[in-house]
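**Q** The structure follows.
Chains as they are written, first to last, in the UniProt record's numbering: chain A, 1 to 474; chain B, 1 to 474.
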């Protein structure tokens with residue numbers, strides 16, 4: 001049972017795959033694994049998309065390993081798929097044409113930290129939490145937080161963002177340079193440690209969000225920030241989604257540098273109350289975080305409280321006590337589990353869209369109406385400062401009728417966002433699941449350009465085939 | 001007399017050019033101009049690079065005009081060069097292979113302003129000052145300020161930035177979407193009005209900084225900011241460039257959200273004193289601007305003053321009075337004229353490099369030493385928060401020996417920045433002048449990738465040939 005995958009590239013010849021596996025086994029010994037269990041672990045299982053395991057998995061330890069895998073695969077026309085932690089949501093790590101998965105679990109070193117320059121150089125398998133653990137003593141942190149403890153290579157490849165993006169930007173704004181293995185195994189350096197540059201085409205941004213389809217990232221230079229002196233958390237309930245959105249717009253317009261501003265719709269608050277043993281009013285809720293000096297944070301909180309009051313917000317509370325902050329944000333971080341607990345045994349599919357913030361209230365409200373009409377259950381959480389929100393749709397995957405309504409819902413959600421000058425995905429990426437929406441969003445000419453770039457940089461189509469760029473028929 | 005241009009693409013056949021001019025004259029009437037004076041105005045005259053005028057200039061009024069120019073030129077293999085205000089600094093608007101220049105002077109409309117969403121849609125000929133004039137009543141502004149009153153299309157094409165980048169980012173962070181005319185005259189839409197997106201390859205960023213070599217931008221959707229409640233200007237003199245740089249690093253590390261932080265070296269201060277009738281101490285100077293609420297700005301100023309004190313800064317003064325602010329910043333904006341007045345009749349060439357901020361003091365100091373050794377005069381101003389600085393080199397263009405020393409100086413400046421993990425240009429772009437440095441900075445593989453992309457998106461090489469991508473021999 002699964003969402004239709006329409007772009008199924010041709011599988012490599014079994015003889016070619018066998019030759020590649022033999023050569024890689026000789027090179028990597030027991031770091032090449034072909035057991036079914038490991039192959040299945042590396043295919044995509046967190047969505048409705050069908051799992052498509054690779055033929056083999058190599059655990060890389062250094063860039064030279066990746067170069068060798070790419071060279072062997074290229075010689076035989078066998079696909080190469082990069083794998084971080086497997087938390088992507090649109091089938092990015094599936095292997096529809098088979099091939100070799102390169103697992104970056106062991107390429108997890110922080111190579112250099114330049115605290116004065118607010119940057120560091122890392123291997124792609126470093127995870128977000130491990131990185132911040134490593135950095136803490138030096139008074140700096142990496143702000144992008146997509147929820148999952150994803151690898152930085154994967155986060156760059158899907159152009160991830162999350163709760164902090166409203167203040168600190170997404171992966172797009174926080175990667176300075178990449179080292180990328182190209183189709184013949186040689187290495188492209190896309191930039192330097194300079195904070196800005198006008199030197200030639202922006203290769204860095206071309207590989208960010210390319211989901212491993214143009215080459216394989218083996219090193220990242222990323223921006224860091226100073227750990228704020230004070231962090232305050234706040235919560236504020238609203239009569240309506242519209243009031244919460246209006247408060248967000250006003251806060252951003254007046255320049256309150258809010259670090260996080262998350263919307264939970266009434267149904268999500270209900271789920272969190274039940275799961276996290278809270279007693280929040282079961283109406284739309286904004287969860288906020290302010291960063292800065294003590295005086296800063298106090299002023300930001302005061303200013304936001306005034307705005308919230310004008311927009312029908314009530315019961316605004318804020319705190320700088322770490323234990324209170326943690327409690328509040330833990331509920332947000334557990335939102336997925338809270339949804340899952342609403343209907344044990346059902347599948348949960350997370351999908352995301354992003355619209356101009358002035359249309360967010362319309363988009364969320366119409367989406368809630370659609371859920372009622374289709375008799376579906378999907379709490380909503382939103383990175384409301386960016387106009388980005390997620391639906392966590394609960395469906396019984398064995399109930400064909402409900403699944404069909406679920407697909408209709410998701411289809412209509414994307415079309416609604418696009419009709420409001422928004423995008424079919426703010427942060428999850430295209431992968432396999434959203435290829436059919438690219439043309440409607442950007443037009444055939446943009447797809448042509450993407451195809452031409454793919455052909456130019458990966459003429460043998462060995463890098464993660466079947467992702468992002470739709471099949472020629474679409 | 002001029003800096004060597006090494007990449008000279010083959011000129012279009014005179015017959016082809018004649019055919020294009022005839023067709024465009026029929027289509028555009030007196031909006032097609034071939035007079036020598038107008039052609040020369042559209043070639044590059046603000047640098048040491050030799051001027052290379054186009055064969056004709058078309059004054060476009062709408063996207064359809066650009067589409068028609070491109071179609072006619074493509075049919076005959078004749079180059080098309082986009083022209084904003086002609087303030088680029090590395091030969092970006094030169095026409096080394098001849099061709100048709102498209103002047104965007106008359107495509108200067110603000111098409112939509114979405115104050116709630118903090119974005120607007122504009123034509124490429126809108127200039128920075130005209131845009132902010134237009135926006136003022138709505139409480140929003142566009143923060144990128146490269147000094148010159150450049151057009152937004154040109155600013156996007158060279159990935160411009162300037163004095164506000166330390167807080168608000170560069171053009172890279174402030175363009176949401178572009179409309180681009182491709183080689184067959186069709187239009188590529190690169191994005192939507194959503195603040196963030198993971199939908200496919202990042203075409204927007206590929207065209208930003210492409211200097212018109214991959215297509216021609218005919219519409220931009222850009223990000224705006226709320227006009228800050230209070231703006232304060234400050235100045236602080238330092239014993240040494242190192243002290244000024246150290247204060248900057250500490251300010252950024254501790255998260256003071258300074259909006260502008262500009263370094264003037266002692267020689268630049270001297271030039272400004274003389275030109276702008278000021279009496280600043282003739283030692284390294286930081287000029288700052290703080291944006292925020294009144295309380296915010298006061299706190300930022302106080303915190304910075306403390307840091308400056310620790311780093312050998314003295315005489316820190318700050319003010320929110322508009323007339324005092326203007327006086328201070330006027331001196332900075334007139335820095336170029338102040339340099340010119342130091343030696344009337346000499347040529348001034350502005351060049352820029354950018355290094356990790358921890359290396360900035362070394363880079364500036366070594367550059368000052370080099371100037372002494374080479375008996376050259378070049379005041380230095382720096383967007384010090386980004387590690388980016390400019391030399392305004394004064395040379396008698398008729399003195400071959402001095403010019404040779406000037407070229408040596410600029411060459412060594414770039415190599416110095418690159419050896420410190422920096423870039424040959426932070427914001428001026430590659431154009432013609434800096435192609436020879438790209439390979440040293442990024443390696444042959446990055447150049448290969450740029451060539452492959454150019455070939456994929458502009459197979460006929462009609463878009464601004466001879467720019468960015470070095471000739472195959474380099």
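We put the CB at the ideal spot given by N, CA and C, even for glycine.
Name, going along the chain, the residues of the stretch 450–462 of chain B whose beta-carbon falls closer than 7 Å to a beta-carbon of chain A.
**A** 450, 452, 453, 455, 456 and 457
**Q** Helix, strand or coil for residue 117/A per DSSP?
**A** coil
**Q** Helix, strand or coil: which one does DSSP assign to residue 42/B?
**A** Correct three-state label for residue 42/B: coil.
**Q** Which residues, in chain order, does the stretch 351–373 of chain A contribute to contact with chain B at a C-beta distance below 9 Å?
**A** 352, 353, 354, 355, 356, 357, 358 and 359
**Q** Between residue 275/B and residue 334/B, is the Cβ-Cβ spacing less than 8 Å?
**A** yes
**Q** Please identify the residue among 396/A, 109/A, 192/A and 176/A whose C-alpha is closest to the C-alpha of residue 208/A.
**A** Of the listed residues, the one whose Cα sits closest to residue 208/A is 176/A.
**Q** At the level of alpha carbons, what is the spacing between residue 321/A and residue 304/B?
**A** 27 Å
**Q** Taking the alpha-carbon positions, what's the residue 443/A to residue 65/B distance?
**A** 21 Å
**Q** Could you say which of 101/B, 94/B and 182/B lies nearest to residue 59/B if we only look at CA atoms?
**A** Of the residues 101/B, 94/B and 182/B, the one whose Cα lies closest to the Cα of residue 59/B is 101/B.
**Q** What in chain E is Cβ-close to residue 429/A, meaning under 7 Å?
**A** In summary, chain E is missing from the structure at hand, where the protein chains are A and B.
**Q** Can you tell me the Cα-Cα spacing of residue 216/B and residue 204/B, whole angstroms?
**A** 12 Å
**Q** Looking at C-beta atoms only, is the number of pairs between the stretch 82–93 of chain A and the stretch 145–164 of chain A that lie closer than 8 Å three or more?
**A** yes
**Q** Is there a Cβ from chain A that is less than 8 Å from the Cβ of residue 257/B?
**A** By this cut-off, residue 257/B is an interface position.
**Q** Identify the residues that DSSP records as bridge partners of residue 303/A: which are they?
**A** BP columns for residue 303/A are empty, so no partner.
**Q** What do you get for residue 1/A, buried or exposed, if any count of 16 or more other CB atoms within 10 angstroms of its CB means buried?
**A** Model confidence at residue 1/A stands at a pLDDT of 34, short of 50, so the residue's coordinates are unreliable and nothing is read from them.
**Q** Of the residues 399/B, 405/B and 360/B, which one's Cα is nearest the Cα of residue 372/B?
**A** That would be 405/B, whose Cα lies nearest to the Cα of residue 372/B.
**Q** Do we get a CB-CB distance below 8 Å when we pair residue 146/B with the residues of chain A?
**A** Closer than 8 Å: no.
**Q** I'd like to know if residue 386/B contacts chain A, where contact means its C-beta is closer than 8 Å to some C-beta of that chain.
**A** yes
**Q** Cβ of residue 94/A less than 8 Å from any chain B Cβ?
**A** no
**Q** Buried or exposed: which applies to residue 317/B, given that a residue is buried once 16 or more other Cβ atoms fall within 10 Å of its Cβ?
**A** exposed
**Q** So, do the stretch 345–356 of chain B and the stretch 418–435 of chain B have three or more beta carbon pairs nearer to each other than 8 Å?
**A** yes
**Q** Given residue 92/B, which residues of its chain have a CB within under 7 Å of its CB, disregarding the five upstream and five downstream residues?
**A** 158, 211, 429, 431 and 467
**Q** Who are the neighbours of residue 194/A on chain B, taking C-beta pairs under 7 Å?
**A** The answer, in chain order, is 354, 355, 356, 387, 422, 423 and 426.
**Q** Within 10 angstroms of its Cβ, does residue 221/B collect 16 or more other Cβ (buried), or is it exposed?
**A** buried
**Q** Using DSSP with H/G/I as helix, E/B as strand and the rest coil, what is residue 446/A?
**A** helix
**Q** Of all Cβ atoms in chain A, is any one closer than 8 Å to the Cβ of residue 464/B?
**A** no
**Q** Closer than 6 Å by C-beta to residue 219/A: which residues in its own chain qualify, once you throw out the five before and the five after it? Chain order, please.
**A** So the qualifying residues of the chain are 179.
**Q** Please name the residue in 76/B, 118/B, 44/B and 13/B whose C-alpha comes closest to that of residue 358/A.
**A** 118/B
**Q** Name the chain A residues whose beta carbon is nearer than 9 Å to that of residue 161/B?
**A** Result: 196 and 198.
**Q** Bridge partners for residue 109/A per DSSP, in chain order?
**A** None; residue 109/A has no bridge partner.
**Q** Taking the C-alpha atoms as reference points, what is the distance between residue 129/B and residue 196/B?
**A** Pairing residue 129/B with residue 196/B, the inter-Cα distance amounts to about 27 Å.
**Q** At the 8 Å Cβ level, is residue 471/B part of the contact set with chain A, yes or no?
**A** Interface annotation, residue 471/B: not in contact with chain A, CB-CB separation never under 8 Å.
**Q** Would the stretch 25–34 of chain B and the stretch 39–53 of chain A be scored as touching if the rule is three or more Cβ pairs under 8 Å?
**A** No, they do not touch.
**Q** Kindly indicate which residue of 38/B, 56/B and 8/B has the alpha-carbon position closest to the one of residue 19/B.
**A** Considering only alpha carbons, the answer is 56/B.
**Q** Could you tell me whether the Cβ atoms of residue 293/A and residue 299/B are closer together than 8 Å?
**A** yes
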